[in-house]
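Peer 1: Take this structure, written in structure tokens, and hold onto it; I'll ask about it next.
In mature numbering (1 follows the signal peptide of the UniProt record, and there is no 0), the protein residues as written are -22 to -1, 1 to 248.
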């Protein structure tokens, strides 16, 4: 009974700040080829979402090449390279997973295929000390909802667009979200733990914004077009979250990229 009362009091004390921390403002970074016609998605609570889709251009697109996600701001580039690359790879993974359910993905650009471009415009770092304290507190207050210290959560800002074979913009998305103070976003000892786990809802938003309205999800093709990222489910990461309450990118996200055979270092990108 004491645990329930304590948890209820903690949630009541934090929920007032939840809305302010749920998401950041929409970015217009210059990454997209056009920002014309973007409209705020109605009913979006946790994230800030602006989107546009030209059904006439999007509907005929079946084959799709996804360009590797890129950093597109001095702020994102200022994040330590190892952590930034981890976020970009996880964004690639989640976007690939979701779009593979709605398009036929190909390995390289093609003149008869559409192209998806993704840019990460901001990575807000997680306060590691606050995350550790939250994990300890959540251990003593059992339940499915995580409580986070206000001001210590990280976030992710990103943009994406679908280009028709002739280069015209068929759809666009501007998306941003911070981890929830009260919710399912787990604390992490990684400085990019929040940005990393927010790649999943971003991938969902990309598919919802870019896929034609009547394009229903389909079974994943065989072989899996996203198999380079490793298994779609990482049970070791789930087990860690269940036992410690912590999110660890290395155990929950994409497998590390292949190492460069000439330098012995993992492949890099902007």
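Each residue gets a CB set at the ideal place from its N, CA and C atoms; glycine is no exception.
Quick caveat: nothing in here was measured; it's all calculated off a predicted structure.
Using only alpha-carbon positions, find the residue among 84, 35, 19 that is nearest to residue 199.
Peer 2: Residue 199 has its Cα closest to that of 84, out of 84, 35, 19.
Peer 1: Of the residues 225, 228, 193, 73, which one's Cα is nearest the Cα of residue 138?
Peer 2: Per the Cα distances, 73.
Peer 1: Return the bridge partner residues of residue 100 from the DSSP annotation.
Peer 2: Answer is 135, bridged to residue 100.
Peer 1: For a test of the three-state rule: what should DSSP assign to residue 57, helix, strand or coil?
Peer 2: Coil at residue 57, not helix or strand.
Peer 1: Sorted by chain position, which residues of the same chain lie with C-beta nearer than 7 angstroms to residue 88's C-beta, five sequence neighbours on each side aside?
Peer 2: Answer for residue 88: 41, 43, listed in chain order.
Peer 1: Which partner residues does residue 95 have in the DSSP bridge list?
Peer 2: 139.
Peer 1: Which of the three DSSP states, helix, strand or coil, is assigned to residue 1?
Peer 2: Confidence at residue 1 is low in this model, with a pLDDT of 46, below 50, so its placement is unreliable and no value can be given for it.
Peer 1: Is residue 147 helix, strand or coil when you go by DSSP?
Peer 2: DSSP places residue 147 in strand when its eight states are reduced to three.
Peer 1: Return the residue from the list 141, 66, 135, 102 that minimises the CA-CA distance to residue 37.
Peer 2: Measuring from the Cα of residue 37, the nearest candidate turns out to be 141.
Peer 1: Can you tell me whether residue 224 is buried or exposed, with buried defined as 16 or more other CB within 10 angstroms of its CB?
Peer 2: The residue is buried, with at least 16 neighbouring Cβ atoms inside 10 Å.
Peer 1: To the nearest angstrom, how far is it from the Cα of residue 228 to the Cα of residue 208?
Peer 2: C-alpha separation (whole angstroms): 12 angstroms.
Peer 1: Tell me the DSSP secondary structure of residue 324 in three-state form.
Peer 2: No information on residue 324 is available, as it lies outside the stretch -22 to 248 that the chain covers here.
Peer 1: As a quick exercise: from 203, 135, 59, 153, pick the residue whose alpha carbon is nearest that of residue 81.
Peer 2: Comparing Cα positions, the closest option is 203.
Peer 1: Inspect the beta-carbon positions of residue 97 and residue 11 and report whether they are closer than 8 angstroms.
Peer 2: No, Cβ-Cβ distance for residue 97 and residue 11 is not below 8 angstroms.
Peer 1: Just confirm the distance between the C-beta atoms of residue 143 and residue 192, as a whole number of angstroms; I'd bet it's less than 8 angstroms.
Peer 2: The pair is not a contact, with the Cβ atoms about 20 angstroms apart (cut-off 8 angstroms).
Peer 1: Give every residue of the same chain whose Cβ lies closer than 6 angstroms to the Cβ of residue 13, excluding the five residues on either side of it in the sequence, and list them in chain order.
Peer 2: Result list for residue 13: 6, in chain order.
Peer 1: Name the residue from 201, 205, 232 whose alpha carbon lies nearest to the alpha carbon of residue 214.
Peer 2: Comparing Cα-Cα distances from residue 214 to each of 201, 205, 232, the minimum goes to 232.
Peer 1: Report back the beta-carbon spacing between residue 159 and residue 131 to the nearest angstrom; my notes put them in contact at under 8 angstroms.
Peer 2: Yes, residue 159 and residue 131 are in contact; Cβ-Cβ is about 6 angstroms, under 8 angstroms.
Peer 1: Rank 101, 201, 163, 46 by C-alpha distance to the C-alpha of residue 86 and give the top, closest one.
Peer 2: Cα-wise, what sits closest to residue 86 is 46.
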